[in-house]
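Undergrad:
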Amino acid sequence: MDEERVRERIEELRRLIERYNYEYYVLDQPTVSDAEYDALMNELRRLEAEHPELITPDSPTQRVGAPPSPAFRTVRHEIPMLSLSNVYNEQELRDWAERVYRLAGRRDVEFVTEPKVDGSAVSILYRHGVYERGATRGDGVQGEDVTPNLRTVRSIPLRLHDGDGVCVPDVLEVRGEVYMRKSDFQRLNRQRGDAGEVLFANPRNAAAGSLRQLDPNITAARPLRFYAWDVGIVEGATHDGSHTADLDMLRALGIPTVPDYRVWHSIDEVWAECQRWLELREELDFEIDGVVVKVNDEALQAELGVVAREPRWATAYKFPAIQKTTVLRDIEINVGRTGSLNPVAILDPVEIGGVIVRRATLHNEDEIRRLGLLLGDTVVVQRSGDVIPKIIAVVVANRDGDERPFVMPDHCPVCGAAAVRLEGEVMRYCVNAACPARLREQVRHFVSRSAMDIEGFGSRLAEQFVDLGLIRDLADIYELDWDRVRQLEGFGDKRIANLKASIEASKTRPLSRLLHALGIRHVGEGNARLLAGHFRTMDRLAAASLEELRAVPGIGPVVAESVYDFFREPQNLALIERLRAHGLRMTEEDGAAPPTDSRLAGKTVVLTGRLESMTRERAEELLRRMGAIVTSSVSRKTDLVIVGQDPGSKATRAKELGVTTLDEAAFLELINQGADGTGP
Ligand code: IVH
């Protein structure tokens, strides 16, 4: 190739790569595969290696490789980077808006809402469309020069798009958030744990820490991303004077903005939008800690002005915190119904999202090692939604030398038998099949609401009966020595009659509940339903071969093996026979066999987003009645995804995999067809 042809090809490759970056990071709609993208990058790298004189700083190959520097230089923000006032509830939001209306002298004000992305604020300067400088926010007036570091962030274009009807300003300062996706953060922490490195507490710390590296090669290896939320300096461009017009311009120039910014005309709408984001929070793959509300009109922004470095034209509605720090006092061992030794963190009580947290799950000894936990450590605890609180990380900086390591016991703390960890297992198990702790948990689980639902038989009673030797295995629940029970404190005739009645009533529970109640490993409510629905009777299930179990839709190989093993254990078969002798039902509902003629029979279906016409539970039940297998994650095996309002990543995944999706209207139509039996 002659020099001119090479120059042209290099230019073409750069444009293509930028185009694909734009589609990927801004439009979220990639049109080429990773492999095709990599091939273009490799070709460009090769040509540039052969013709180093053609390398320019805005080439996509120049994102890595800058040498470490001894310190960051200071950057002065010509226009200060402000912070935001906070509001924590609807009333405070309304008070904020009232002040805006009062100062504006009118009530027809346009508001913009944006997610408040939890990352690290930066300023990026483009001159004549080329990336020139990147800086951290610092104290808002002075930040640190992190130009080589931000250059490595792939969602930040090194050269702005022209075309698309926008002209590239002579000077453009873009402001926004460097953040890390939750999924990337988890992967990074897993790698750090494996390498024995300190874990990051959350994606925000990971983003901030990765950005402020004196060696940009470290930054380059971290999965950082960028979302713009404002412009600073603009020279040589005209625009129509609104915040959304600025964001639209940034997108047209190829810069990813905060997603889903929207304009509203009343604070009622703004509040509803804040609630929408709050509900969406957990489903998003990036952390948000609130919603930013801004006045859209820039002339009005200027009129409203700034007090104490906070603009009066914007505020942040902050979500309740889901993470707090507290002190790990101790680690207790609970013995589960499978005999597993489960470490539980005992914490100094701390309020998180309106609930006092005193304990957190630690899963297993590997988790303790992965976190690098010492007794007495300050730890970051997270409680999100209904999830059991868990320890996310250690605040190593708070250590004072008094912390002590925790040693996992090699004996069961309840019965004293050996507790062993088998090859390939993460848990340690008490070897004593008759360990009272195991039995206690088994009984507790058996009588619980989601299992046999024996009313009046709570966990305290389960514990008491086991400890007194009244229950030595699950079948004993149906053979209680009532004379002995009568002698216990608090057991009058009435209580005994009630308890007898509810034990009697539990005998009619369908097979699916009994299977769940038996506590077979890996068989929770969902799998129990799949198995009972498929085999219909205990005998058929017990006789099933490993192949037959594996062939049940929705049942994976691990579950199949666990069920198969359970029914090969003579003790378990004896238990089932005793339960049968007591008259327990060993079949699924009569006549409730899922239809095999429905369009959904045997199909794997996933629900995502909110349905207007019914709850998620109701929708699942209807689907099951039509013979569908309802699962929670989208894979290649999924046949159908029902997409409600504000769907999350599952809808995107379905699109990626080419899985059929139905909106709510189409779903309702399908149900109605199924209900009147005219469906195909
Ligand atoms: S606007 C004057 N918009 O929140 C406007 N900030 O608590 C200044 N942040 O320092 C900020 N998402 O780091 C704005 N959509 C968003 C944001 C956002 C996250 C961060 C930003 C700022 C901090 C203020």
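Residue numbers for the sequence shown follow numbering that gives the first Met the number 0, beginning at 0 and rising by one.
All residues carry an ideal CB built from backbone N, CA and C; glycine is no exception.
1. Quick check: what's the CA-CA separation for E576 versus R567?
2. Quick one: is the Cβ of A244 within less than 6 Å of any heavy atom of the ligand IVH?
3. Measuring straight from C-alpha to C-alpha, what distance separates S122 and G133?
4. Look at the Cβ atom of G289, then the Cβ atom of A315, and state whether they are nearer than 7 Å.
5. Cα separation between S32 and R153?
6. Please report the Cβ distance between G142 and R136, rounded to the nearest whole angstrom; I am assuming they are in contact, meaning their Cβ atoms lie under 8 Å.
7. Below 8 Å CB to CB, which residues in the same chain sit around E619 once its five sequence neighbours on both sides are set aside?
8. Following a CB-centred definition, is E176 positioned closer than 6 Å to any heavy atom of the ligand IVH?
9. Distance check for I554 and N41, CA to CA, integer angstroms please.
10. Does I155 pass the burial test, meaning 16 or more other C-beta atoms within 10 Å, or should it be called exposed?
11. According to DSSP, simplified to helix, strand and coil, what is V446?
12. Distance check for D161 and D329, CA to CA, integer angstroms please.
13. What did DSSP end up calling K499 once you bin it into helix, strand or coil?
14. How far does the alpha helix (DSSP H) with E331 in it reach, from first residue to last?
15. Take L421 as the anchor and find which of C414, C429 and G415 has the nearest alpha-carbon.
16. With distances taken between CB atoms, is the gap from S737 to L198 smaller than 7 Å?
17. For a test of your reading of the model: does the CB of S82 fall under 6 Å from any non-hydrogen atom of the ligand IVH? Yes or no.
18. Please look up how many angstroms separate the CB atoms of S612 and L667, rounded, as I've assumed it's under 8 Å.
19. Taking DSSP as the reference, what is the three-state secondary structure of A271?
20. Do Y260 and V111 have their beta-carbon atoms positioned less than 7 Å apart in this structure?
21. Measure the CB-CB distance between G175 and Y226 and report whether it falls below 7 Å.
22. So R336 and G523 are supposed to be a Cβ contact under 8 Å. How far apart are they, rounded?
23. Note down the Cα distance separating Y36 from R14, rounded to an integer number of angstroms.
24. Which residues bound the beta strand (DSSP E) around Q300?
25. Per the DSSP calculation, A227 is bridged to which residue(s)?
26. Rounded to a whole number of angstroms, what is the C-alpha to C-alpha distance between G678 and G532?
27. Given a threshold of 16 other Cβ atoms within 10 Å of its Cβ, counted over all protein chains shown, does L26 qualify as buried or as exposed?
28. Using a threshold of 7 Å, state whether the C-beta atoms of N508 and M451 are closer than that.
29. Are the region 367-376 and the region 347-358 touching, with three or more C-beta to C-beta distances below 8 Å?
30. Following a CB-centred definition, is A120 positioned closer than 6 Å to any heavy atom of the ligand IVH?
31. Kindly indicate which residue of A396, E366 and L599 has the alpha-carbon position closest to the one of V406.
32. Helix, strand or coil for F110? Go by DSSP, reduced to three states.
33. Among the residues of its own chain, which have a CB less than 7 Å from the CB of P255, if the five just before and after it don't count?
34. Could you tell me the alpha carbon to alpha carbon distance between G601 and L622, rounded to whole angstroms?
35. Is DSSP giving Y130 helix, strand or coil here?
36. Among A432, L469 and S505, which has the Cα closest to the Cα of L578?
TA: So, from the listed chains and residues:
1. 14 Å
2. no
3. In a straight line, the C-alpha of S122 is about 6 Å away from that of G133.
4. yes
5. 16 Å
6. 5 Å
7. L606 and V629
8. yes
9. If you draw a straight line from the Cα of N41 to the Cα of I554, it is about 43 Å long.
10. buried
11. helix
12. 60 Å
13. K499: helix per DSSP, three-state reduction.
14. Premise fails: E331 lies in the beta strand (DSSP E), Q322 to V334, not in any alpha helix (DSSP H).
15. Distance from the Cα of L421 is smallest, within the candidate group C414, C429 and G415, for C429.
16. A question about residue 737 goes unanswered here, because the residues of the chain that appear run from 0 up to 679.
17. yes
18. 6 Å
19. The answer is helix: DSSP assigns A271 an H, G or I state.
20. yes
21. Against a cut-off of 7 Å, the Cβ pair of Y226 and G175 comes out as a contact.
22. At roughly 13 Å, the Cβ-Cβ gap does not stay under 8 Å, so R336 and G523 are not in contact.
23. Approximately 12 Å, taken between the alpha carbons.
24. Q300 -> not in any beta strand (DSSP E); alpha helix (DSSP H) instead, spanning E297 to L303.
25. In the DSSP output, where bridge partners are listed per residue, A227 has G175 and T256.
26. Note that G678 scores a pLDDT of 37, beneath 50, so its modelled location is shaky; the value from the coordinates is reported in the next line. Taking the Cα positions, G678 is about 22 Å away from G532.
27. exposed
28. First, the residue type needs correcting, since residue 508 is Arg and not Asn in the sequence shown. A contact, by the Cβ cut-off of 7 Å.
29. no
30. In this structure, A120 has its CB closer than 6 Å to one or more heavy atoms of the ligand IVH.
31. E366
32. Here F110 sits in strand by DSSP.
33. Y24, V25, S154, F225, Y226 and A227
34. Distance between the alpha carbons of G601 and L622 is about 10 Å.
35. strand
36. S505
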